[in-house]
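Letter 1 of the sequence shown, counting from 1, is numbered 16 in the numbering used here, and no numbers are missing.
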Amino acid sequence: MSPDPPAAGSGVSVADQPVASTSTSSSSSSAPVAPPPAPQPTEDSHPIPLSKCQLSDLTDLEIASLTQQIKAESANVRPLIGALEPLERFKDEYDSERVRGKIEWLSKSGWTGLRRSRGDGDCFYRSFAFSFLERLVPLPPSFTQLSLSKIESLLPLLDQA
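Shown next, in the form of structure tokens:
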């Protein structure tokens, strides 16, 4: 029996990435604090076998190399955004009646297919943007311009956040 799938449109998570945060004790500066650039692997870098080490034992350079290795492997597995696939294909993929019921509901609601995306941590944003643009393409230019001006009017809110 197959497990329930991840959220529609998302890919399979490749690896959990540690999150580093930076903070500043001085509140007088309003400039954003950026993390230092990640170390770049050199030509003599070699793949790191995961079975032989602990993540805490790796240097920053080895972690960067491992991250690049994982990204390269996932790039060969699935495209950033896949082609539109019929819903029936997803029905055949999962044994769970619960999942099949949800796919059936999508079909009855007018959905004809889904696109898969690479699960690399940016899959939600990439899928959302792709879907948004895909919906804008067939619209008349006036609607596209209206959408663009609305997005541009919201940019100051991002600066305030």
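In this text, a Cβ means the ideal position worked out from N, Cα and C, and glycines have one as well.
- Here Arg131 is buried, its C-beta having at least 16 other C-beta atoms within 10 Å.
- Between the region 126-142 and the region 95-105 there are three or more inter-stretch CB-CB distances shorter than 8 Å, so the stretches are counted as touching.
- In this structure, Trp126 sits near Leu102, with a CB-CB distance shorter than 8 Å.
- By the Cβ neighbour-count rule, Phe105 is buried, with 16 or more other Cβ atoms within 10 Å of its own.
- Look at Gly116 here: in three-state DSSP terms it is helix.
- In the structure shown, Ser111 adopts coil according to DSSP, grouped into three states.
- In this structure Gly128 touches Glu100 by the C-beta definition: roughly 5 Å separates them, less than 8 Å.
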